[in-house]
Structures are given as C-alpha cells and as structure tokens.
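A.B. asks:
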Amino acid sequence: MDRRKFLTQAVVSVVGGAASQLSFAAASETVSSGPEVHVTIDPAQTLAVIPPDFMGLGYEISSAARPRLLSAQNAVYVQLIQTLGKNGVIRVGGNTSDYATYQAMGQPLSSPEGKAGSVVNDAVLRDLGTFIDATGWKLIWGLNLGNGTLENAILEARAVMAAEEQNLLAFEIGNEPDLFPSRPPRHEGHRPPDYGYDDYIREYRHYHDALRKAIPNAPFAGPDAADATDWVERFAAEEGKDIKLLTHHYYREGENPTSTIEKLLNTDPKLDRILVKLRRASESSGVPYRTCETNSFSGGGKPGVSDAFASALWVLDFMFTLASAGCAGVNMETGVNQRGFISSYSPIGDDEKCHYWAAPEYYGMLAFTQSGLGRIIRSTINAGERNIAAHATQLGKNPIVLTIINKEPSFDAVIAIEAAMPFHRGSLIRLSGPSLESKFGVSLGGTMVSPEGSWKPDRTEEISTSQGRLRVRLPAASAAIVTLHS
16 MDRRKFLTQA VVSVVGGAAS QLSFAAASET VSSGPEVHVT IDPAQTLAVI PPDFMGLGYE
76 ISSAARPRLL SAQNAVYVQL IQTLGKNGVI RVGGNTSDYA TYQAMGQPLS SPEGKAGSVV
136 NDAVLRDLGT FIDATGWKLI WGLNLGNGTL ENAILEARAV MAAEEQNLLA FEIGNEPDLF
196 PSRPPRHEGH RPPDYGYDDY IREYRHYHDA LRKAIPNAPF AGPDAADATD WVERFAAEEG
256 KDIKLLTHHY YREGENPTST IEKLLNTDPK LDRILVKLRR ASESSGVPYR TCETNSFSGG
316 GKPGVSDAFA SALWVLDFMF TLASAGCAGV NMETGVNQRG FISSYSPIGD DEKCHYWAAP
376 EYYGMLAFTQ SGLGRIIRST INAGERNIAA HATQLGKNPI VLTIINKEPS FDAVIAIEAA
436 MPFHRGSLIR LSGPSLESKF GVSLGGTMVS PEGSWKPDRT EEISTSQGRL RVRLPAASAA
496 IVTLHS
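If you're matching positions, the sequence shown starts at 16 in the numbering used here and goes up one per residue.
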C-alpha cells in the first residue's frame, strides 16, 4: 500500500478501536446479576515458572536475506520488538534455510523454498547483529542440512558467530528433518522415502562434530522436529548433555477450508499430548524445550482468520498453555514465509514498502508480556461448556495477576474471582476489538500500538470486592488482565 493509504487505515483503526473500547468500558460499569463464572486461585500451587526470555519471533532465512529489514536502522521494527519485552529470542530458519547458502561477498537473495535458494552474506549478517544488539534479544540460527554442504555450513556458522557471538543462543542443524523423506504427507524431498531418525542422527552428529571442531564454543539446539515428538524424546536422551535447547514446531493444522475461527479458538486435542511428551523429555534430560516455530495455520495462515482479532485471543491463551506445560519459550512466525509472501499470521504487519505495524496477533502477545511473568499458579474455572480460560501469575512478592479470556462470540460473562489470600480491590486493562473477524481497531488498555511501535495503556478500571469476591464483566470476544491488590 502507499503511505497515504497506510496512514488513512491507521486513523480508521484508531477511531474504530476507541469506539469499541468505549463500548466495552460502558458495558463494564454495571456488573450483570446473571449467572456467574467462578475462578478460584491457589497461590500455594506453582504449575511452572516463565523464563524471562519466553517471548520470541521466528523468521524464514529468506526474511533475514532481505537487506535492511532486520537491522538496527529499521527503528520502527526494533521498537515493535522491544515493546514485546526486554528479553526474547529471534529464531532464523524455516523451510528456506534448507535451500539457502552463505556467500561472504555475494549478492543477498530472498527466495521461496525450492527455487534458486536464499543467499545471505556478511553485510546481511552484520545488519542482523546490529538488530539483535538493538533489541536486546538472543538468536537461534538454522543451518542447511537439507541440500547444503558441510563446508558451507561451517563458513556460515563462523560468519554468524563473528556477527552475533555475544547474543547467539544456539545453532540448529536442519529444519523439520522429520519431513525430509519424499513420501506423502512428508514431501520436502530432501531425502529418500525410508529416511528416519537413525539416519538423521548420523547426519546431525557428522555436522555437529565438524562444526564443534571448527568452532569449539559453538552452541546447539535440536532436533527442530515438525511433528515427530518421539524424535525429540530420543534426541533428548542421546544428545542432551551437549545442547542448549530441545526444539519442536507446532501449527493447529495446515491452511485449508476447515481452518476457521471456531477451530482456532477451540482446544486442539493433539496439543496436550505433544506437550506432555516434550515436558517429559525436558525433565528427564535436564534440557529446556522451546516451541521455536509456531503460529495458527501453516502455509502462511488463513486470511480472515489468522489476521483477525480472534488470533489475539488465541495466541494469549496459547502462550499460557505452553508456559503452564513447562515450555521455555515460543517463537511466533512472522514476515516472509517459505512461499515468498507475507504470512497472514504475522504479528508484525509488513507491506513490503518499509511500513510496519502491530497486527491483531501482536496485541495478544503484548497482553502476555503484561501478565505472563514469574510463576504460573493454579487457577480453576467453572465455565462449563463456555470457551473461557483463566491463567494466574505472580512475580516475586508482587500482586497476583489473573488473565481471563472470553473466546465466546456472543456470551458476555461475569467472572467472580476468589483467592486463598486476602485482597480488597482489583484493577484491570482490557484486550478488545470490534469483533472476532476484525483486522483493525484492536486495542489493549484502551490504546493502540503507536506508528512508532511503542505502547502505553491509558485506560485502567478499578474494581472493589463485594461479599469477598471480585466481579468482572467480560464481554464476548475479549480478554482482561486483572491485578489483585491486597
């Protein structure tokens, strides 16, 4: 879009977001006397501790190959990341990393998977180094195992270390190697149909040993599996003594006609099983696990779903679900995808003309940064069949923070909060949008992320207890971050 159109849309978004927020504020002035949803908090029980660098973003290497995108000179982009937190992890890899090459003085090239292959050079890596320094985040970098050479991987790793050494968290060797076999539905075609874990681990060790010899202090993570959780379990048992992280990917499903808002907002039956296995592998090996590539629907997301306000409510609940299961961090995919276009699920909007903004999903991530701190403490909710979630946290001796998420499209809930601790009042900020389908007008704390990438809430509601409970009106398709004050 041209800049005039971009600014016009931004103004419309601000007006729409303000109107929506005012309507929600008005609705919350009087708490309904209808049926209540009860939330009980037990601060004596800790489910997990959220690491300071839990927040993360993920990029295809084809994004990193675009000059001046991931650079300290891209001030708005840097600020958008800093607004998400002082600590975090950038992961560069994806399908395009298994087609990419490093050429020290070559011309950088951003290419979709299976085409010419992306090219990164020293200038791109230096830019990335300035970007990582400016954000204060760490870096995971994926090396080409799919169709690259060991010699080029060593040269690339040396160049990455030279540019990022102080901020490099780990190298990954290969992206989604469990999808390398050329057999349906695994169709990457990097390896023959009978390729399995035993073949992969031999290749991994060959690369690992050569890289470690060339770069003695090189850190590693893996196996970066797409969906073969058993690969992560075996990898943890066999390589756990020499890796920084166990890594795994997750998407609700591939983008297709069934990829709806309703499906996104409802529980994925396979996710709990995945997280149980990953937590078991992590605890048995003593190595943290990270969901280092994830978002709503793979293949760039579903337009009208992945780029709508529903994605903000989904990602807020999703990040808490992962953190509660002991996950050490999450990297939400954004930017140019493996097919060469900007993904619908991108938290950071990009018109490919140097304009960047907070998309709906970004607001869900931002809400998590306001509430996802310290330890997750047990909370129970009796919402019945209603799609309402609650997550409680506490950082040190600070007040308890309760995040409540109403994913129902038309049910206004009244949340009655009780805790096994004395509290006399509460304050809250709201995450809201005009509708689940809205792409504009999303706000947190009554305000939008500024065109410069910064954010500060300007609307906080104060609530007093009544009969020992705090009652909060939570409109349909919205969330609230409630701080309980003693």
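Quick reminder that beta carbons are idealized off the backbone N, C-alpha and C, glycines included. Please read these numbers as outputs of a predicted model, since none were measured by experiment.
Nearest-angstrom Cα distance between alanine 174 and leucine 140?
C.D. replies: Numbered from 1 along the sequence shown, position 159 holds the residue referred to as residue 174. Numbered from 1 along the sequence shown, position 125 holds the residue referred to as residue 140. If you draw a straight line from the Cα of alanine 174 to the Cα of leucine 140, it is about 7 Å long.
A.B. asks: Out of Ala340, Ala492, His500 and Ser469, which has the shortest C-alpha to C-alpha gap to glycine 483?
C.D. replies: If you number the sequence shown from 1, residue 483 lands on position 468. Nearest of Ala340, Ala492, His500 and Ser469 to glycine 483, Cα basis: His500.
A.B. asks: Does DSSP classify aspartate 257 as helix, strand or coil?
C.D. replies: Position 242 of the sequence shown, counted from the first residue, corresponds to residue 257. Three-state result, aspartate 257: helix.
A.B. asks: I'd like the list of long-range same chain contacts for glutamine 385, defined as Cβ closer than 6 Å, with 5 residues on each side in sequence excluded.
C.D. replies: Within the sequence shown, residue 385 is the residue found at index 370, counting from 1. Correct list, in chain order: Ile496.
A.B. asks: Please determine, among Ala327, Pro58 and Pro123, the residue with the shortest C-alpha to C-alpha distance to glutamate 376.
C.D. replies: Counted from its first residue, the sequence shown places residue 376 at position 361. It is Ala327 whose Cα lies nearest to the Cα of glutamate 376.
A.B. asks: Would alanine 404 and isoleucine 415 qualify as a contact pair, given that the criterion is a beta-carbon distance under 8 Å?
C.D. replies: As a working mapping, residue 404 is identified with position 389 in the sequence shown. As a working mapping, residue 415 is identified with position 400 in the sequence shown. Cβ distance not < 8 Å, so alanine 404 and isoleucine 415 don't count as in contact.
A.B. asks: Give every residue of the same chain whose Cβ lies closer than 7 Å to the Cβ of serine 274, excluding the five residues on either side of it in the sequence, and list them in chain order.
C.D. replies: Position 259 of the sequence shown, counted from the first residue, corresponds to residue 274. Correct list, in chain order: Glu268, Phe312, Lys317 and Val320.
A.B. asks: Going straight from the alpha carbon of arginine 474 to that of aspartate 214, what length do you get?
C.D. replies: The sequence position of residue 474 within the sequence shown is 459, counting from 1. The sequence position of residue 214 within the sequence shown is 199, counting from 1. C-alpha separation (whole angstroms): 56 Å.
A.B. asks: Would you kindly work out how many angstroms separate the C-alpha atoms of aspartate 57 and isoleucine 396, rounded to a whole number?
C.D. replies: Taking the first residue of the sequence shown as position 1, residue 57 is located at position 42. Taking the first residue of the sequence shown as position 1, residue 396 is located at position 381. Straight-line Cα distance between these residues: approximately 12 Å.
A.B. asks: Is DSSP giving lysine 454 helix, strand or coil here?
C.D. replies: As a position in the sequence shown, residue 454 is number 439, starting the count at 1. In the structure shown, lysine 454 sits in coil (DSSP, three-state: anything other than H, G, I, E or B).
A.B. asks: State the Cα-Cα distance for the pair arginine 488 and isoleucine 430, rounded to the nearest angstrom.
C.D. replies: Position 473 of the sequence shown, counted from the first residue, corresponds to residue 488. Position 415 of the sequence shown, counted from the first residue, corresponds to residue 430. So the two alpha carbons sit approximately 6 Å from each other.
A.B. asks: Tell me which residues share the same chain as arginine 81 and place their Cβ nearer than 6 Å to its Cβ, disregarding the 5 neighbours each side in the sequence.
C.D. replies: Taking the first residue of the sequence shown as 1, we reach residue 81 at position 66. Excluding residues within five positions, the ones whose Cβ falls inside 6 Å are Ser125.
A.B. asks: Are tryptophan 152 and isoleucine 96 touching if we call contact CB-CB under 8 Å?
C.D. replies: Indexing the sequence shown from 1 puts residue 152 at position 137. Indexing the sequence shown from 1 puts residue 96 at position 81. Less than 8 Å divides the Cβ of tryptophan 152 from the Cβ of isoleucine 96.
A.B. asks: Let's see if you can read the secondary structure: which residues bound the alpha helix (DSSP H) around histidine 223?
C.D. replies: Position 208 of the sequence shown, counting from 1, holds the residue named residue 223. Histidine 223 -> alpha helix (DSSP H) spans 212-229.
A.B. asks: Leaving aside the five residues before and after alanine 229 along the sequence, list all residues of the same chain whose C-beta is less than 6 Å from its C-beta, in chain order.
C.D. replies: In the sequence shown, residue 229 corresponds to position 214, counting from 1. Excluding positions up to five away in sequence, the list reads Ile169.
A.B. asks: Rounded to a whole number of angstroms, what is the C-alpha to C-alpha distance between aspartate 287 and valine 134?
C.D. replies: For the purposes of this step, residue 287 is taken as residue 272 along the sequence shown, with counting starting at 1. For the purposes of this step, residue 134 is taken as residue 119 along the sequence shown, with counting starting at 1. In this structure, the CA atom of aspartate 287 is about 38 Å from the CA atom of valine 134.
A.B. asks: Relative to the alpha-carbon of leucine 260, which residue among Leu290, Ile216, Thr306 and Asp224 has its alpha-carbon at the smallest distance?
C.D. replies: Along the sequence shown, one-based indexing puts residue 260 at 245. Comparing Cα positions, the closest option is Thr306.
A.B. asks: Which of the three DSSP states is assigned to valine 320 in this structure?
C.D. replies: Position 305 of the sequence shown holds residue 320. Note: valine 320 maps to coil in three-state DSSP.
A.B. asks: Which term fits proline 449, buried or exposed, when burial requires 16 or more other beta carbons within 10 angstroms of its beta carbon?
C.D. replies: On the sequence shown, position 434 is the one that residue 449 refers to. By the 10 Å Cβ count, proline 449 comes out buried.
A.B. asks: Taking the alpha-carbon of threonine 111 as reference, which of Gln353, Thr262 and His264 has the nearest alpha-carbon?
C.D. replies: Along the sequence shown, read from residue 1 onward, the residue named residue 111 stands at position 96. Taking only the C-alpha atoms, the option nearest threonine 111 is Gln353.
A.B. asks: Which ranges does the alpha helix (DSSP H) cover as unbroken runs of at least 4 residues, wholly within the region 277-324, from first to last along the chain?
C.D. replies: 284-300
A.B. asks: With H, G and I counted as helix, E and B as strand and the rest as coil, what does DSSP make of threonine 480?
C.D. replies: In the sequence shown, residue 480 corresponds to position 465, counting from 1. The answer is coil: DSSP assigns threonine 480 none of H, G, I, E or B.
A.B. asks: Taking only runs of the alpha helix (DSSP H) that begin and end inside the region 324-350, which ones reach a length of at least 4 residues, in chain order?
C.D. replies: Counting whole runs of 4 or more residues, the region 324-350 contains the alpha helix (DSSP H) stretches 325-339.
A.B. asks: Ends of the alpha helix (DSSP H) at arginine 141?
C.D. replies: On the sequence shown, position 126 is the one that residue 141 refers to. Per DSSP, arginine 141 belongs to the alpha helix (DSSP H) from 137-150.
A.B. asks: Express the C-alpha separation of glutamate 179 and alanine 33 in angstroms, rounding to a whole number.
C.D. replies: Here the question's residue 33 lines up with position 18 in the sequence shown. Here the question's residue 179 lines up with position 164 in the sequence shown. Low confidence applies here, because alanine 33 scores a pLDDT of 39, under 50, leaving its location unreliable; read the following figure in that light. Spanning the two alpha carbons is a distance of roughly 41 Å.
A.B. asks: Return helix, strand or coil for tryptophan 156, following the three-state DSSP convention.
C.D. replies: Numbered from its first residue, the sequence shown carries residue 156 at position 141. Tryptophan 156: strand per DSSP, three-state reduction.
A.B. asks: Assign alanine 41 to buried or exposed, taking buried as 16 or more other Cβ atoms, counted over all protein chains shown, within 10 Å of its Cβ.
C.D. replies: The residue labelled residue 41 in the question sits at position 26 within the sequence shown. Reliability fails at alanine 41, whose pLDDT of 38 lies under 50, so the model's placement of it is uncertain and the value that follows must be treated cautiously. Exposed: under 16 other Cβ atoms inside 10 Å.
A.B. asks: To the nearest angstrom, how far is the alpha carbon of glycine 355 from that of glycine 314?
C.D. replies: Within the sequence shown, the letter at position 340 stands for residue 355. Within the sequence shown, the letter at position 299 stands for residue 314. Taking the straight line from one Cα to the other gives about 11 Å.
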